[in-house]
Amino acid sequence: MKSKSFLSLLMVLCILVSFSSPVMAASGNSDEIVLRICNWEEYIDEGEWEEDEVIDLESGNVFGENPMIGDFADWYYETYGKKVRVEYSTFGTNEDLYNMLTLGDVYDLVCPSEYMIMKLMTENSLYPLSDAFFDESNENNYYINGVSPYIREIFETHEINGETWDKYAAGYMWGVTGFVYNPEEVTYEEASTWRMLGNKKFYRQLTVKDNVRDTYFAAVGAVKSDLLMDPAFRNSEDYLQRLQDEMNDTSPEMIAKVQDYLQSNKDNFYSFETDSGKTDMVTGKVVANFQWSGDAVYSLDQAELDDCYLEFAVPEESTNVYFDGWVMLRAGVEGDPDKQHAAEAFINFMSRPDNVIRNMYYIGYTSVIAAPDDGRIFEYAEWNYAADDDEEDTVEYSVANFFAGEDADPDDFVITISEDQLRRQMAAAYPSEEVLDRACIMIYFDKEVSELTNQMWINVRCFNINRVPVWAWILAAIIVGVLVFFIIRGKRLAGAEYGEERVQRRKDKE
1 MKSKSFLSLL MVLCILVSFS SPVMAASGNS DEIVLRICNW EEYIDEGEWE EDEVIDLESG
61 NVFGENPMIG DFADWYYETY GKKVRVEYST FGTNEDLYNM LTLGDVYDLV CPSEYMIMKL
121 MTENSLYPLS DAFFDESNEN NYYINGVSPY IREIFETHEI NGETWDKYAA GYMWGVTGFV
181 YNPEEVTYEE ASTWRMLGNK KFYRQLTVKD NVRDTYFAAV GAVKSDLLMD PAFRNSEDYL
241 QRLQDEMNDT SPEMIAKVQD YLQSNKDNFY SFETDSGKTD MVTGKVVANF QWSGDAVYSL
301 DQAELDDCYL EFAVPEESTN VYFDGWVMLR AGVEGDPDKQ HAAEAFINFM SRPDNVIRNM
361 YYIGYTSVIA APDDGRIFEY AEWNYAADDD EEDTVEYSVA NFFAGEDADP DDFVITISED
421 QLRRQMAAAY PSEEVLDRAC IMIYFDKEVS ELTNQMWINV RCFNINRVPV WAWILAAIIV
481 GVLVFFIIRG KRLAGAEYGE ERVQRRKDKE
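Have a look at this one:
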């Protein structure tokens, strides 16, 4: 009896163990944090660099062997002892991302541009960064310890509904807008004004952005060129605020003027594009391309491989200082501290100086991270743009406006560059203080303004009855008249035939 009881008990235990094993495994899997990230296309280092792509800095080599996403998962486990799995997605434009969110896609961390961050803030879609994220005593908080003083001030002084941007957003990449141009076809003076958009000398040889927000900004600059260049305006005490107000003018009158300007000059554009402008410049299809400075660096680099030397110019009237930034979505992380911790850790990992260099090298844009105390990012700028020792025609170029904090010596952030870099990659990657003095933020449009500008954009991109030429109206009137004539004539003939049939039927009856 005891042996049977023992066997029975053993069988019961085996059964319980077999049933409990999957439950234990599932419990183990639940410890893995799933972090859903959505970023711009081709906007992060994907690794697998060639051997000759090693960035050999004096402080040590930087090399992208593995995808950044995989390296983050390894780092997070080593640092915090928890497994994280990143589900990574991409988008093509800010509007694409917004539509994805509207249709129900759920992410924890996304990377929109400044005006979309503002829009998401107004809609209460974002979750605030934790107090721990701003703890400068934490050595793993690479973002707050390394962000450029210039960028940090922008985030801390601009508000939406009484809340500063830095409460919800951490910067990623930044730059200004201007024109990439072929100096053999376009002079620097011609490319240094927003009026370039309407210069008939370059008929069908220009490209502009295929989104209303960026192209509206450029068109406002062209329409208001005289005002923006007026010395009285430029020397006013509140110049930067007035500049921002003028460049973000969305009055019905200004929207109408922008529509008229773009429609009048639409035939001047080879295309409205989002990404193809870079290739069109390199292949010579166009002579100038309205471009973000990060893509400008890419265009100049690629053209140089084919012994084609392009340049970059920032309009004298004004420019837009743009940035893309990481924000946590309330629908994703709210109520889940593990997700929030992983999301903030991802921002910090991307802000670690060696990873900053990897991403900048891979995508061509300039990071918001300066990390002057670390020194490697400034060293990377020198590695990229410093003139050779035996090079002639050099100038001293200061990047202190980006790198130097209050206690730093500006003289420590000067790079000796070849003179042509004043109109090439250096000037695009790290705009001069003179350029930033006329740079302003592109403000978010509220719902009412968005409806007006979107309709304006439809009119520009598709069709506007007000732009139909007189000869087309005359031709249309002739065509309509001919059609009406034949319709009436047909009805009369049909009526006559019907009348004859009725007369014939009567005769037949008689």
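Residue numbers (my numbering): 1 to 510.
Just so it is clear, CB atoms sit at the ideal spot from N, CA and C, and this is done for glycine as well.
Backbone CA spacing between residue i and residue j [nearest angstrom]
| i | j | result |
| --- | --- | --- |
| Gly221 | Trp194 | 6 Å |
| Leu97 | Gly481 | 49 Å |
| Met121 | Pro252 | 25 Å |
| Leu483 | Leu475 | 12 Å |
| Val106 | Ser398 | 43 Å |
| Thr250 | Glu434 | 27 Å |
| Val84 | Glu159 | 33 Å |
| Ile357 | Pro372 | 13 Å |
| Met229 | Tyr239 | 12 Å |
| Gly335 | Asn348 | 21 Å |
| Ala381 | Cys462 | 43 Å |
| Tyr361 | Leu57 | 13 Å |
| Phe323 | Ser225 | 24 Å |
| Ser27 | Leu329 | With a pLDDT of only 30 at Ser27, under the threshold of 50, the placement of this residue in the model should not be trusted, and no figure is reported. |
| Phe486 | Thr187 | 58 Å |
| Lys257 | Ile458 | 15 Å |
| Phe91 | Ile443 | 21 Å |
| Trp49 | Glu95 | 32 Å |
| Thr207 | Gly81 | 50 Å |
| Ile151 | Trp165 | 11 Å |
DSSP three-state assignment for residue i, whether helix, strand or coil
| i | result |
| --- | --- |
| Leu305 | helix |
| Asn94 | helix |
| Ala387 | coil |
| Arg234 | helix |
| Asn268 | helix |
| Arg358 | helix |
| Met401 | For clarity, residue 401 is Asn in the given sequence; the question names Met instead. Asn401: helix per DSSP, three-state reduction. |
| Phe346 | helix |
| Phe63 | coil |
| Ser276 | helix |
| Ile441 | coil |
| Asp135 | coil |
| Ile160 | strand |
Own chain residues within Cβ distance below 7 Å of residue i, not counting five before or after
| i | result |
| --- | --- |
| Glu419 | Asp393, Thr394 and Val395 |
| Val17 | The pLDDT assigned to Val17 is 40, lower than 50, so where the model puts this residue is not dependable, and the model offers no usable value. |
Continuous alpha helix (DSSP H) stretch holding residue i: start and end
| i | result |
| --- | --- |
| Ser398 | Not the alpha helix (DSSP H): Ser398 falls in the beta strand (DSSP E), residues Thr394 to Ser398. |
| Ile37 | It is not in any alpha helix (DSSP H) - Ile37 instead sits in the beta strand (DSSP E) that spans Ile33 to Trp40. |
| Gly70 | Met68 to Tyr80 |
| Ala144 | The sequence given here has Ile at residue 144, not Ala. Counting along the chain, the alpha helix (DSSP H) containing Ile144 begins and ends at Tyr142 to Gly146. |
| Ser225 | Ser225 to Met229 |
| Asp245 | Tyr239 to Met247 |
| Ala428 | Gln425 to Ala429 |
Host beta strand (DSSP E) of residue i (start-end)
| i | result |
| --- | --- |
| Gly175 | Ala169 to Tyr181 |
| Gly332 | Element bounds for Gly332: not the beta strand (DSSP E) but the alpha helix (DSSP H), Arg330 to Val333. |
| Gln291 | Ala288 to Trp292 |
Close-in-space but distant-in-sequence residues of the same chain around residue i (CB under 6 Å, 5 per side omitted)
| i | result |
| --- | --- |
| Phe134 | Ile144 |
| Ala132 | none |
| Met24 | In this prediction, Met24 scores a pLDDT of 32, lower than 50, which makes its location untrustworthy; no coordinate-derived value is stated. |
| Ala387 | Thr394, Thr416, Ile417 and Ser418 |
| Glu273 | Thr207 and Asp210 |
Contacting residues, own chain, Cβ-Cβ under 8 Å from residue i (five flanking each side not counted)
| i | result |
| --- | --- |
| Gly198 | Ala222, Tyr261, Ser264, Asn265 and Asn268 |
| Arg242 | Phe233 and Ser236 |
| Val460 | Gln259, Leu262, Gln263 and Lys266 |
| Asp407 | none |
Proximity test, Cβ basis, 9 Å: residue i and chain B
| i | result |
| --- | --- |
| Phe323 | Included in the structure is just one protein chain, with no chain B present. |
Inter-stretch contact (C-beta, 8 Å, three-pair minimum) for the stretch 170-190 and the stretch 354-367: Yes: at least three Cβ pairs fall under 8 Å.
Given 8 Å, three or more beta-carbon pairs between the stretch 62-77 and the stretch 41-49: Yes: at least three Cβ pairs fall under 8 Å.
Any 3 or more C-beta pairs closer than 8 Å across the stretch 182-197 and the stretch 302-311: Flag = yes, the stretch 182-197 and the stretch 302-311 touch.
Three-pair Cβ contact test at 8 Å for the stretch 73-84 versus the stretch 123-136: The answer is no - the stretch 123-136 does not touch the stretch 73-84, with fewer than three Cβ pairs under 8 Å.
The stretch 405-417 / the stretch 441-450 touching (three or more Cβ pairs under 8 Å): With the cut-off at 8 Å, the stretch 405-417 and the stretch 441-450 do not touch.
The stretch 212-219 in contact with the stretch 331-341 per 3-pair CB rule at 8 Å: By the Cβ criterion, the stretch 212-219 is not in contact with the stretch 331-341, since fewer than three pairs of Cβ atoms, one from each stretch, lie closer than 8 Å.
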